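Q: Below you'll find the structure I mean.
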Amino acid sequence: MKKNSVIFLFAVIAVLAIWTRLSQLDSLPIAPYWEEAALGYDAYSLLKTGKDHHGNPWPILAIESFGDWKPSGYFYAAIPSIALFDLTVFAVRLPSAIAGLAIIAGVGVLAYQLKGNALLAVFLTTISPWAILFSRAAWEVNVSTALILWGVIFSLKSMKSSRRRQIYLFSSVILFIFSIYTYHATRVIAPLLLGSLILYQLFDAKNKQSATFRILPSAILFMALFLPLLIAVKNPQVSQRFQETSIFSDLDIIVESNERRERADYSLVSTVLYNRYALFGREILNNALDHLNPQFLFISGDENPRHSTGLFGLLYHFEIVFLIIGFIYILIQGSTKQRFLLIWILITLIPVSLSKATPHALRFLPALPAVILLSHFGIIKLLSWIEHTFSQLEKLPVKNLALLCLVGLYTASFSVFWRHYSTTYRIKTASEWQYGYEELMTVVHDYRKSDQTAQIAISRKYGRPAMYYWFFTKANPTDVQNAETSAPMDQGEFLAYQNLYFFTEIKDLENVQPSLIAVTPAERPMIENEYREIHQIVSPTGEIIWNIFEHKDLSL
Amino acid sequence: MLTKLTLFMWLIILFGAALRVYIFTHNQLDFYWDEVAMLVDVRSILESGTDMHGTAWYQTIFPSYGDFKLPLYIWVASAIGSIVGFSLNLIRLPNLLVGILMIPLVALFAKTLVSTEENAKKHNSHFAQLAGIWTAITIASAPWAVHFSVTGFESHLGQFLITVGLFILISKKIRWSLPIAALFGVLGVYSYYAYRYIFLALLVLGTFYKLWTTSVSGLDQKKSSRKTKTGILIDLAIGGILAVTLFTTGLQPLLKSPWYSSFEQVRLSADSNLSIEPFVHQANELRMNAGNTISDRFLFHPQMLRGISIYSNVLSHLDLQYLFSSGDSNPRHGPPAFGLFPLFLLPLLIIGLYSGYKRAPKALLFLLGWWLLSVIPASIPLESPHALRSLGALAPLTILFGIGGAESTVWLQSFNKKQFFKKFFNQLPSHTSSLLALIFVVGVLTAHGGQLAQYYTTYYRYDAGKAWQAGYSELALAALELQDNDVPIFLVPSDDRFYLWLLLHSSKPVSKHTPLLTENFRTSSLPNISIVNEMTDSPDAYWLATTIEMKPDILSDQLIAAKVIADSCEIERFTLYKIQK
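Line order of the protein sequences matches chains X and B.
With the numbering used here as the guide, the letters of the first sequence map in order to residues 1 to 556.
With the numbering used here as the guide, the letters of the second sequence map in order to residues 1 to 581.
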């Protein structure tokens, strides 16, 4: 292909990439999920006060978020964009969108390094439903994936370049370390990936001794930066997430093991076959295979509507053919570097198969670059096979026709995906993205402005109202930090803030006489006698989400 | 003289047969209602030459309990029964024989398929022999094949006949192989009706493959090329006409059966992707949400949604967890916690795809086409993946494993010749590496076979008892024992097919009950025994049997006796109460 054509195609893809990642970023998905609100507000709090909303100064390992601990990377990544664009949904999602663009570029570079086709790889990543979905909300995993990808690129680069080897290797280590401090699962993935890359470098080197000395400083740097995490491994900041999501906390497997052995009168065979470790092994295997399920990969994706549109899987329906061809080609005929893609996928499967709730599109995301590159190799191999097989038909441009079919297929699929994602998905998943809080908090905030002493109660039925209040009203973080010591809490969530009350049941408000109360339609009958409705918040599909009532005494 | 590989093949067949026979005789599994319905018909045929409804055995559709069954499996079971006598296991015996015969059949199939192309490339037949052996290993040990060899599903016999037909088609001259294959296809359809759709397509696929590979041989033998091509065309014409005539004529008795329309109605009544309505609703919703523009009407088309749904079901049969770890979610279709194939064979499938592409691409396309055609009928109903309906894919998948196994063996043999290993193995007695590999394969097979056998004999009936109507036989025997006491018995087993168990276990000939089968081919009462959903009106004294979960309101002064009825695992299933007002 001519150079100008390639540049033109890259430019077209770049425009498409920017459009799919940045257009309507604040409203597609329709609203910020509570984790996005918390990420944004904590980053805002760090920016304004140097402390998170609980008052912890510059946390390194993790930031407390509703009884959970989230790695701190994304919070820091969001600070510059919040500084630039203020505390908005756009600003919170921007680091993930930029990471999405970095992933596209990275896949292209990696394809080039692996002797693939950068243009094709960039195109596939740009229109990938999996990549688009996770680039458009504030998912830490997306940033972490971009860091891992570029870490791999720099590591591979360090094998080639002789002058800047150390710089590339150090950069790779730093990127891997950043990824570790950004997302839980990459605490397992990044060290294993980096370890396998280092091993590859050692085996590949002609002079193993000099290679060892070359790699040693980077290995020491990695260990030094990884150490804080290792030291705190039993600290809830690090271990809590693992304990909550790990399959090893599942007692059913132990019960099954005991039952099986008892049924076989504790025979030696049953003790071997059905001991708990064998059954845990089976569970791990099933969880891993769950992520290779064709229906998950190519049809419907993750069950969680925030992780998938439902009409599409992680990849397009027909990409199964390319993925299988790519996998077999790389496995059997690929170079060692190309085979690293398979190791990458296998390593990513380790943490996801140790967790409950599988298959999980989000936790599996670090494998995205490798999966897309496998698919891209499949296309290359298929096209070359078509060209070779039909070489006798000289007058017929078979390869170009196949290419045309391919582009047509991708364009049609992408059109359906984007149309569905930007219309039906946007409105059908409104409740999953906590739609309605922005309007509710505007009403509440306006009401508070008109009457600063008024007591206001908001139902917790949709979750985390306090955080949404701070986020949408840009509440002063110092006030929130000051309230931390006296506010009633439930798993780190504020149940009261100043004259706002966040209740689980109406009966929780016995000692409070709110002037304004926001309830869900299910709670409405319980307050109708005393209150008068002044506002309704309706979902895009027409269902009432919030009913806002004012006390009847006030309206007289 | 037997070569080592032939001897090894016989040992594998022996292993597969022993595994099946052991599980068949030791699993103590109860009987599913379809099996019981066929057993009643078989018993009736052996007693009187007629089915349970009094119609002669040579009918092409058996009304059974109103679901209308095809005749071949019942005929085969009856034929075997006329030799060995009637027993409950008789209904599973045809599949046991078929399951054992499948081992050499698919091994030969693999060998023939691979050698056809290998010979064309002037390779020796060593690879083809290895492919046969590994195919035999796969089918001998696959839980999918073992399970349907020890249960009484007609689909298993059907897929065997189809495989025989295809084997004849690809291995013999087309003039005669086509009509013979069609004959086996007809028999396959008389065993399992879903094959009516796919067999013709398979016949076309097989013929295409045959012609494709034959023309390659023809090109190699340049002198006889022209003659061969003409000869092939003549053979194809004669064979094709004979095959189509045989197939259409062979199906006439079935199509002309008085029960045919009812039979079709029952088959089409299941929820499936054939109905477009749900997709129209879904498409309308998507279009409305998107704004219902012209492009939306095109992008969200109901046919596209239906296509995705069928495609999704097809792909579900490729799920590695289904194939290698968990199998079908219905415990009747396979042992839970086992995949269709043993996990240790997973690499062979991947290598098989590669090796097929490299060594025998035409065979690979034929096998993939066969797999796809077998899976499509299983993907039309909503319930998917389905190990029973997709049983036609057993042979092509197994052969793919076989090709992978052969490739791995050849690779290991070449590895053995490499300098490092040569040095190592030269220090050991000759054939040590081969012996080690053999010990490894035998060890893995024994361990897997042992685990499967232990599962069936120790756990399966506990895990899947309900799916096999555990306890029904015991309840029927208890009710029949009380039948002559002139105290009415009311059974509330939540299943209106329970009368089949009464017919099966009754000491009276089935024909004695024929006049009772008037309620849509069923009955709810035998002398003194009534099958009811709930007690509405009761006599002064009666027996009442309910499932163990149901606790009928019986006044303590009315309850005379209560007896718990357990199944063969001693799990309590029913309670039998004697009540006197």
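Just so you know, even glycine gets a beta-carbon here, dropped at the ideal spot from N, CA and C.
Note that this is a predicted model, so its numbers are computed, not measured.
Between the Cα of MET9 (chain B) and those of B:GLY132, B:PHE127 and B:GLU277, spot the shortest distance and give me the residue it belongs to.
A: The option with the nearest alpha carbon to MET9 (chain B) is B:GLY132.
Q: Do ASP41 (chain B) and ASP51 (chain B) count as a contact pair if the criterion is CB distance below 7 Å?
A: Yes; because the gap between Cβ atoms is below 7 Å, this pair is in contact.
Q: In its own chain, which residues sit with a C-beta less than 6 Å from the C-beta of ASP302 (chain X), not counting the 5 before and 5 after it?
A: Correct list, in chain order: SER308 and ALA361.
Q: Which residues share a DSSP beta bridge with LYS210 (chain B)?
A: Paired residue(s): none; LYS210 (chain B) is not in a bridge.
Q: Would you say TYR293 (chain X) faces chain B, with C-beta separation under 7 Å as the test?
A: Just to set this straight, residue 293 (chain X) is Asn in the shown sequence, not Tyr. True, the Cβ-Cβ gap to chain B drops below 7 Å.
Q: Specify, as a first and last residue, the run of the beta strand (DSSP E) that ARG532 (chain X) falls within.
A: Note, ARG532 (chain X): beta strand (DSSP E), 531 to 538.
Q: Residues of the segment 444 to 468 of chain B with a CB closer than 8 Å to any CB of chain X: list them in chain order, please.
A: For the segment 444 to 468 of chain B, which is checked against every Cβ of chain X, the residues closer than 8 Å are GLY450, GLN451, GLN454, THR458, TYR459 and TYR462.
Q: ARG263 (chain X) versus chain B: which residues are under 9 Å apart at the beta carbon?
A: Near ARG263 (chain X) (Cβ distances below 9 Å), the residues of chain B are THR458, TYR459 and TYR462.
Q: Who does ASN547 (chain X) pair with in a DSSP beta bridge?
A: DSSP output for ASN547 (chain X) lists X:VAL519 and X:GLN536 as bridge partner(s).
Q: Taking VAL272 (chain X) as the reference, which of B:HIS448, B:ALA270, B:PRO515 and B:SER275 has the closest Cα?
A: VAL272 (chain X) has its Cα closest to that of B:HIS448, out of B:HIS448, B:ALA270, B:PRO515 and B:SER275.
Q: Using DSSP with H/G/I as helix, E/B as strand and the rest coil, what is PHE68 (chain B)?
A: Residue state, collapsed to three classes: coil.
Q: Measuring only between beta-carbons, confirm whether VAL269 (chain X) sits less than 7 Å from chain B.
A: By this cut-off, VAL269 (chain X) is an interface position.
Q: Quick one: list the residues of chain X neighbouring GLY185 (chain B), beta-carbon separation under 7 Å, in chain order.
A: Simply none; closest approach about 30 Å.
Q: Using beta carbons (cut-off 7 Å, strictly below), is ILE332 (chain X) in contact with chain B?
A: True, the Cβ-Cβ gap to chain B drops below 7 Å.
Q: From this set, X:LEU119, X:THR20, X:LYS48 and X:LEU101, which residue's C-alpha is nearest LYS2 (chain X)'s C-alpha?
A: Of X:LEU119, X:THR20, X:LYS48 and X:LEU101, the residue nearest in Cα terms is X:LEU119.
Q: Less than 7 Å between C-beta atoms, sequence neighbours within five positions excluded: which residues of the same chain meet that for LEU178 (chain B)?
A: So the qualifying residues of the chain are LEU169, THR207, GLY239, GLY240, LEU242 and ALA243.
Q: Can you tell me whether DSSP reads PRO178 (chain X) as helix, strand or coil?
A: What sits at residue 178 (chain X) in the sequence shown is Phe, not Pro. If DSSP states are grouped into helix, strand and coil, PHE178 (chain X) belongs with the helices.
Q: Is any beta-carbon of chain X found at less than 7 Å from that of ASN273 (chain B)?
A: Chain X contact via Cβ: absent.
Q: Taking the CB atoms as reference points, tell me whether LEU192 (chain X) and ILE330 (chain X) lie closer together than 7 Å.
A: Cβ atoms of LEU192 (chain X) and ILE330 (chain X): not closer than 7 Å.
Q: If I follow the unbroken alpha helix (DSSP H) through SER5 (chain X), where does it start and stop?
A: 3 to 22 is the span of the alpha helix (DSSP H), which, as asked, contains SER5 (chain X).
Q: Can you tell me whether TYR460 (chain B) is buried or exposed, with buried defined as 16 or more other CB within 10 angstroms of its CB?
A: TYR460 (chain B) should be labelled buried.
Q: For VAL564 (chain B), which of helix, strand or coil comes out of DSSP?
A: Looking at VAL564 (chain B) - three-state DSSP - the assignment turns out to be strand.
Q: What number of angstroms, rounded off, separates the C-alpha of ILE379 (chain X) from the C-alpha of LEU318 (chain B)?
A: Answer to the nearest angstrom: the Cα atoms are 20 Å apart.
Q: On the CB-based measure, 16 or more other CB atoms within 10 Å of its CB, does TYR266 (chain X) come out buried or exposed?
A: It is exposed - the Cβ of TYR266 (chain X) has fewer than 16 other Cβ atoms within 10 Å.
Q: Given this structure, state the Cα-to-Cα distance separating TRP468 (chain B) from TYR32 (chain B), to the nearest angstrom.
A: Spanning the two alpha carbons is a distance of roughly 5 Å.
Q: Considering GLU64 (chain X), what are the terminal residues of the beta strand (DSSP E) in which it resides?
A: Start and end: 62 to 65.
Q: Do GLY188 (chain B) and TYR195 (chain B) have their beta-carbon atoms positioned less than 7 Å apart in this structure?
A: A contact, by the Cβ cut-off of 7 Å.
Q: Along the chain, where does the alpha helix (DSSP H) containing ALA453 (chain B) start, and where does it finish?
A: Taken as a continuous stretch (DSSP letters only), the alpha helix (DSSP H) holding ALA453 (chain B) covers 432 to 454.
Q: Take PRO253 (chain B) and list the residues in its own chain whose beta-carbon comes closer than 6 Å to its own, dropping the five residues that flank it on each side.
A: Only THR60 meet the Cβ criterion.
Q: Does any residue of chain B have a CB that is nearer than 7 Å to the CB of LEU273 (chain X)?
A: Yes, because at least one Cβ of chain B sits closer than 7 Å to the Cβ of LEU273 (chain X).
Q: Mapping the DSSP letters down to three states, classify GLU140 (chain X) as helix, strand or coil.
A: Three-state result, GLU140 (chain X): helix.
Q: Between the Cα of ALA31 (chain X) and those of X:ASN235, X:TYR316, X:TYR437 and X:ALA402, spot the shortest distance and give me the residue it belongs to.
A: The shortest Cα separation from ALA31 (chain X) among X:ASN235, X:TYR316, X:TYR437 and X:ALA402 belongs to X:TYR437.
Q: Check the DSSP bridge columns for ARG522 (chain B) and list the partner residues they point to.
A: Paired residues: B:GLU519.
Q: Can you find the residues in the same chain that come closer than 6 Å, C-beta to C-beta, to ILE137 (chain B), ignoring five residues on each side of it along the sequence?
A: Closer than 6 Å at Cβ, skipping near neighbours: ILE12.
Q: Can you tell me whether PRO396 (chain B) is buried or exposed, with buried defined as 16 or more other CB within 10 angstroms of its CB?
A: With 16 or more other Cβ atoms within 10 Å, it is buried.
Q: Under DSSP, the alpha helix (DSSP H) around GLU387 (chain X) begins and ends at which residues?
A: First-last of the alpha helix (DSSP H) with GLU387 (chain X): 368 to 389.
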